[in-house]
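Engineer: This structure is in structure tokens; I'll ask about it shortly.
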Amino acid sequence: MAAATDDAGDSNEMIRVVSSDGEHFEMPEAAANLSLVLRHMIEDDCADAAGIPLAVVAAKPLAKIVDYCTKHAAKSSGLTIEEAEELKRFDAEFIEVDTDMLYDLLVAADFMGVEGLSKLAVQRTADLIKGKTPEQNRETFGIVNDFTPEEEEEICKENEWAFQITKPPSRLC
Amino acid sequence: MATGTGAVSGPSMPPPPASWSDLPPGIVGAVLRRLHSSPDLAALRSMCRSWRAAVRDNPPLVPPLPLLLYPNFALASVFSDGAKATGHRVRLLAALLDDAFPGQCIGCFEDWLVCTWLRLSIPLYPTVGADGGCVLVNPFSGEKVSLPSPTATHSCGAIKRSVPISNGNDEVVCTIHADEYAMALYKAVLSAPPNTGSSSSFELDLGSSCIVAAVSQRKGEYKLAFCTPETQSWCICEGNCIKSHIDIEFYQGKLYMVDTCNGDLFAFELEAHDCVFPVLSLVECCLIEKLPKTEYGYLEAGTST
Chain A
1 MAAATDDAGD
11 SNEMIRVVSS
21 DGEHFEMPEA
31 AANLSLVLRH
41 MIEDDCADAA
51 GIPLAVVAAK
61 PLAKIVDYCT
71 KHAAKSSGLT
81 IEEAEELKRF
91 DAEFIEVDTD
101 MLYDLLVAAD
111 FMGVEGLSKL
121 AVQRTADLIK
131 GKTPEQNRET
141 FGIVNDFTPE
151 EEEEICKENE
161 WAFQITKPPS
171 RLC
Chain B
1 MATGTGAVSG
11 PSMPPPPASW
21 SDLPPGIVGA
31 VLRRLHSSPD
41 LAALRSMCRS
51 WRAAVRDNPP
61 LVPPLPLLLY
71 PNFALASVFS
81 DGAKATGHRV
91 RLLAALLDDA
101 FPGQCIGCFE
111 DWLVCTWLRL
121 SIPLYPTVGA
131 DGGCVLVNPF
141 SGEKVSLPSP
151 TATHSCGAIK
161 RSVPISNGND
171 EVVCTIHADE
181 YAMALYKAVL
191 SAPPNTGSSS
201 SFELDLGSSC
211 IVAAVSQRKG
221 EYKLAFCTPE
231 TQSWCICEGN
241 CIKSHIDIEF
251 YQGKLYMVDT
261 CNGDLFAFEL
271 EAHDCVFPVL
281 SLVECCLIEK
291 LPKTEYGYLE
301 AGTST
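Those protein sequences? They're chains A and B, same order as listed. Residues 1 to 173 in UniProt numbering are what the first sequence lists, from first letter to last. Residues 1 to 305 in UniProt numbering are what the second sequence lists, from first letter to last.
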């Protein structure tokens with residue numbers, strides 16, 4: 001439906017959305033349709049001139065999401081190999097963000113039901129975790145170790161075999 | 001490392017942005033599914049309480065198979081990291097055994113490995129090439145069960161017994177507490193895993209006790225030997241049928257031994273001497289069709305019975 005740009009007369013209509021902190025954004029309907037939440041709102045005729053309010057999405061991540069959806073909606077069907085490659089490059093650059101933005105994108109994409117972006121952000125998070133110790137990961141994500149000594153001991157035991165990485169040969173828990 | 005919950009960085013800080021530890025459980029689960037290597041999965045589980053709780057229902061971590069055993073008895077697991085297939089090795093345990101290098105694994109049974117290591121005494125002569133120790137190790141549980149040393153001297157008086165081959169002219173001589181022996185074991189088989197018999201007594205139960213049978217080759221001499229985790233020495237068997245390269249396997253309560261040079265097959269039955277020592281009670285030459293000779297000698301015995 002989102003891709004049928006030619007036969008649907010109102011598909012060039014711009015959809016307005018409002019961030020939690022009151023900023024307004026516009027995107028083509030085809031782009032908004034990439035969000036499950038927005039698509040349902042549009043189908044239910046909730047998209048008016050005042051814009052669809054997104055109570056939990058702040059302006060910064062919303063701007064990124066509008067970017068993402070606009071780019072992907074423009075290139076959603078009948079991709080040539082070159083276009084697909086270009087979209088891949090766009091994604092790779094798009095997700096090169098700091099962890100604060102990554103967190104916001106993860107939560108916002110999940111909330112808005114933007115499947116492609118959710119996958120992209122989840123993959124980026126997984127890539128950041130890979131090959132690191134829990135301590136390094138806590139530092140990356142600013143997470144506080146809140147385990148009790150007893151829990152810590154249990155985890156150490158559970159992970160004994162997993163964290164003895166061949167190089168460097170150090171205990172990691 | 002754990003600073004407790006009351007740690008704050010300053011009195012007048014603005015409210016911190018949403019913390020990664022508050023990431024919705026569903027998203028933590030989605031991240032978990034994108035991780036493929038065990039250390040990464042373990043790292044995700046070990047980050048903080050909320051992440052750990054989020055992935056609690058996922059299957060527990062098990063060491064990925066197959067495992068590699070290094071000469072220093074460190075175990076490693078090799079796995080591919082998603083589509084990239086960049087296999088990397090992870091040590092499972094610092095080392096299964098301390099000071100057991102250079103060592104080797106000469107057999108396995110269920111979760112148990114039979115490990116030996118070279119005797120490194122000074123002077124090396126006359127035990128050059130002999131094993132200094134033998135142990136059963138369960139790498140999954142970390143349990144170890146000592147076996148008598150393959151190289152030992154005893155002064156308590158050897159007990160000898162010769163068992164005739166029931167359908168031949170030869171015999172096999174087995175010796176318990178031999179005065180002196182130095183073996184270099186190259187294969188060991190188990191009748192059962194250790195600790196499965198009656199745990200309260202040391203009595204040998206031929207049906208369920210763990211009997212270790214091993215073959216040794218050192219200085220051109222072959223030996224067949226038996227022990228259990230409870231015995232203080234190996235019962236050493238020698239005879240004309242144990243003169244060249246042999247292979248062994250337990251099958252249906254009997255130990256089978258094949259001479260890999262000429263294909264002769266022997267079946268051994270065991271009994272308990274003094275309620276403790278496994279010794280031969282019957283030796284039978286199995287009359288089988290001679291194996292076809294290949295350019296590599298005869299086929300080795302296996303479990304493909």
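Where a beta carbon is used, it is the ideal one built from N, C-alpha and C, also for glycine.
Quick one: give me the first and last residue of the alpha helix (DSSP H) that Glu13 of chain A is part of.
Structural biologist: Mapped onto the first sequence, residue 13 of chain A falls at position 13. Unbroken run through Glu13 of chain A: none, as it is neither H nor E.
Engineer: Given Cys285 of chain B, which residues of its chain have a CB within under 6 Å of its CB, disregarding the five upstream and five downstream residues?
Structural biologist: For the purposes of this step, residue 285 of chain B is taken as residue 285 along the second sequence, with counting starting at 1. The residues are Ile165, Asn167, Gly168 and Phe266.
Engineer: Give me, in chain order, the residues of the same chain whose beta-carbon lies closer than 8 Å to that of Ser281 of chain B; leave out the 5 immediate sequence neighbours on both sides.
Structural biologist: Numbered from its first residue, the second sequence carries residue 281 of chain B at position 281. Only Val163, Glu269, Leu270 and Glu271 meet the Cβ criterion.
Engineer: Am I right that Lys130 of chain A and Leu35 of chain B are in contact with their C-beta atoms under 8 Å? What's the rounded C-beta distance?
Structural biologist: Residue mapping note: residue 130 of chain A aligns to position 130 of the first sequence, counting from 1. Residue mapping note: residue 35 of chain B aligns to position 35 of the second sequence, counting from 1. Indeed they touch by this definition, with Cβ atoms about 7 Å apart.
Engineer: Can you look up residue 306 of chain B in the DSSP assignment and give me helix, strand or coil?
Structural biologist: With chain B represented from 1 up to 305, any question about residue 306 of chain B goes unanswered, as that position is not in the structure.
Engineer: Cβ of Leu105 of chain A within 8 Å of Cβ of Val97 of chain A?
Structural biologist: As a first step, residue 105 of chain A must be located in the first sequence, where it is residue number 105. As a first step, residue 97 of chain A must be located in the first sequence, where it is residue number 97. Their beta carbons are under 8 Å apart, which means Leu105 of chain A touches Val97 of chain A by this criterion.
Engineer: Under a three-way DSSP split, which group does Gln104 of chain B fall into?
Structural biologist: Within the second sequence, numbered from 1, the residue matching residue 104 of chain B stands at position 104. Gln104 of chain B: strand per DSSP, three-state reduction.
Engineer: Less than 8 Å between CB atoms is the rule here; does Arg16 of chain A satisfy it with respect to chain B?
Structural biologist: Mapped onto the first sequence, residue 16 of chain A falls at position 16. It does not: the Cβ of Arg16 of chain A has no partner Cβ on chain B nearer than 8 Å.
Engineer: Could you list the residues in the region 100 to 117 of chain A with a C-beta less than 8 Å from some C-beta on chain B, going in chain order?
Structural biologist: Per Cβ criterion, the list reads Asp100, Tyr103, Asp104, Leu106, Val107 and Asp110.
Engineer: Cβ of Gly133 of chain B within 8 Å of Cβ of Thr116 of chain B?
Structural biologist: For this step, residue 133 of chain B is matched to residue 133 along the second sequence. For this step, residue 116 of chain B is matched to residue 116 along the second sequence. Yes, the pair counts as a contact, with Cβ atoms nearer than the cut-off.
Engineer: Using 10 angstroms around the beta-carbon of Ala49 of chain A, count the other beta-carbons present and answer buried if the total reaches 16, otherwise exposed.
Structural biologist: Residue numbering aside, residue 49 of chain A sits at position 49 when the first sequence is read from its first letter. By the 10 Å Cβ count, Ala49 of chain A comes out exposed.
Engineer: So, does the region 54 to 62 of chain A touch the region 130 to 146 of chain A, judging by three or more C-beta pairs under 8 Å?
Structural biologist: no
Engineer: Per DSSP, which one or two residues make a beta bridge with Phe111 of chain A?
Structural biologist: Working through the first sequence from its first residue, we reach residue 111 of chain A at position 111. None; Phe111 of chain A has no bridge partner.
Engineer: Would you say Ile176 of chain B faces chain A, with C-beta separation under 8 Å as the test?
Structural biologist: Counted from its first residue, the second sequence places residue 176 of chain B at position 176. Chain A, which has no Cβ nearer than 8 Å to the Cβ of Ile176 of chain B, makes this no.
Engineer: Give every residue of the same chain whose Cβ lies closer than 8 Å to the Cβ of Pro193 of chain B, excluding the five residues on either side of it in the sequence, and list them in chain order.
Structural biologist: Locating residue 193 of chain B in the second sequence gives position 193, counting from the first residue. Around Pro193 of chain B: Phe109, Glu110, Asp111, Trp112 and Cys210.
Engineer: Give the C-beta separation of His273 of chain B and Cys261 of chain B to the nearest angstrom, bearing in mind that I take them to be a contact with Cβ-Cβ under 8 Å.
Structural biologist: Here residue 273 of chain B refers to the residue found at position 273 of the second sequence. Here residue 261 of chain B refers to the residue found at position 261 of the second sequence. Not a contact, Cβ separation roughly 31 Å.
Engineer: Note down, one range per segment and in chain order, each alpha helix (DSSP H) of at least 4 residues found wholly within the UniProt domain "SKP1 component POZ" (14 to 73) of chain A.
Structural biologist: 29 to 32 and 36 to 43
Engineer: Between Ala22 of chain A and chain B, is the shortest Cβ-Cβ distance under 8 Å, so that the two count as touching?
Structural biologist: Taking the first residue of the first sequence as 1, we reach residue 22 of chain A at position 22. This sequence places Gly at residue 22 of chain A; Ala is not what is there. No - not a single Cβ of chain B is within 8 Å of the one on Gly22 of chain A.
Engineer: For the region 173 to 189 of chain B against the region 216 to 224 of chain B, do three or more pairs of beta-carbon atoms, one drawn from each stretch, fall closer than 8 Å, so that the two count as touching?
Structural biologist: yes
Engineer: Can you find a CB in chain A that lies within less than 8 Å of the CB of Ser80 of chain B?
Structural biologist: Position 80 of the second sequence, counting from 1, holds the residue named residue 80 of chain B. Because the pLDDT of Ser80 of chain B is 47, which lies under 50, any placement of that residue in the model is unreliable, and the number read from its coordinates should be weighed accordingly. No, Ser80 of chain B does not count as interfacial toward chain A.
Engineer: If I measure Cβ to Cβ from Met14 of chain A and keep anything under 8 Å in the same chain, skipping five residues before and after, which residues do I get?
Structural biologist: Position 14 of the first sequence holds residue 14 of chain A. Glu26, Met27, Pro28 and Glu29.
Engineer: Is the beta carbon of Gly207 of chain B sitting closer than 8 Å to the one on His177 of chain B?
Structural biologist: Mapped onto the second sequence, residue 207 of chain B falls at position 207. Mapped onto the second sequence, residue 177 of chain B falls at position 177. It is not a contact, given that the beta carbons lie outside the stated cut-off.
Engineer: Just to confirm my understanding: we take Val18 of chain A, look at its own chain, exclude 5 residues before and 5 after, and list those with CB closer than 6 Å. What are they?
Structural biologist: Within the first sequence, the letter at position 18 stands for residue 18 of chain A. The answer, listed in chain order, is His24, Gly51 and Pro53.
Engineer: What does a CB cutoff of less than 6 Å around Ser118 of chain A pick up in its chain, not counting 5 residues either side in sequence?
Structural biologist: Here residue 118 of chain A refers to the residue found at position 118 of the first sequence. The beta carbon of Ser118 of chain A sits closer than 6 Å to the beta carbons of Ala109 and Asp110 from its chain, once the five residues preceding and following it are set aside; these are given in chain order.
Engineer: Could you tell me whether the Cβ of Ala43 of chain B comes closer than 8 Å to any Cβ of chain A?
Structural biologist: Here the question's residue 43 of chain B lines up with position 43 in the second sequence. Yes, Ala43 of chain B counts as interfacial toward chain A.
Engineer: Flag Ala192 of chain B as yes if its beta-carbon sits less than 8 Å from any beta-carbon of chain A, otherwise no.
Structural biologist: The count along the second sequence starts at 1 and reaches residue 192 of chain B at position 192. No - not a single Cβ of chain A is within 8 Å of the one on Ala192 of chain B.
Engineer: Which residues does DSSP pair with Ser208 of chain B in a beta bridge?
Structural biologist: Your numbering for residue 208 of chain B matches position 208 in the second sequence. DSSP output for Ser208 of chain B lists no bridge partner at all.
Engineer: What does Arg161 of chain B pair with, by DSSP beta-bridge criteria?
Structural biologist: Working through the second sequence from its first residue, we reach residue 161 of chain B at position 161. Paired residues: B:Cys174.
Engineer: For Ala126 of chain A, decide whether its Cβ has a neighbour in chain B, counting only Cβ atoms nearer than 8 Å.
Structural biologist: Here the question's residue 126 of chain A lines up with position 126 in the first sequence. Taking Cβ atoms only, chain B reaches closer than 8 Å to Ala126 of chain A, which makes this a yes.
Engineer: Note down, in chain order, every chain B residue with its Cβ under 9 Å from the Cβ of Pro61 of chain A.
Structural biologist: Working through the first sequence from its first residue, we reach residue 61 of chain A at position 61. Within 9 Å Cβ-Cβ: nothing; Pro61 of chain A doesn't reach chain B, min ~11 Å.
Engineer: I need the boundaries of the beta strand (DSSP E) containing Gly29 of chain B, first residue and last residue.
Structural biologist: Residue 29 of chain B sits at position 29 when you count from the first residue of the second sequence. Looking at the DSSP string, Gly29 of chain B is not in any beta strand (DSSP E); the run it does join, the alpha helix (DSSP H), is Pro25 to Arg33.
Engineer: Is the Cβ of Val122 of chain A closer than 8 Å to any Cβ of chain B?
Structural biologist: Within the first sequence, residue 122 of chain A is the residue found at index 122, counting from 1. Judged by the 8 Å Cβ criterion, Val122 of chain A is in contact with chain B.
Engineer: Any residues in the region 131 to 143 of chain A with a beta carbon nearer than 8 Å to a beta carbon of chain B? Which ones, in chain order?
Structural biologist: Gly131, Lys132, Thr133, Pro134, Glu135, Asn137, Arg138, Phe141, Gly142 and Ile143
Engineer: What number of angstroms, rounded off, separates the C-alpha of Cys46 of chain A from the C-alpha of Met112 of chain A?
Structural biologist: Position 46 of the first sequence holds residue 46 of chain A. Position 112 of the first sequence holds residue 112 of chain A. In a straight line, the C-alpha of Cys46 of chain A is about 15 Å away from that of Met112 of chain A.
Engineer: Determine the extent of the beta strand (DSSP E) in which Lys144 of chain B is found, giving its start and end residues.
Structural biologist: Looking up residue 144 of chain B in the second sequence gives position 144. Lys144 to Ser146 is the span of the beta strand (DSSP E), which, as asked, contains Lys144 of chain B.
Engineer: Bridge partners for Gln217 of chain B per DSSP, in chain order?
Structural biologist: Within the second sequence, the letter at position 217 stands for residue 217 of chain B. Paired residues: B:Tyr222.
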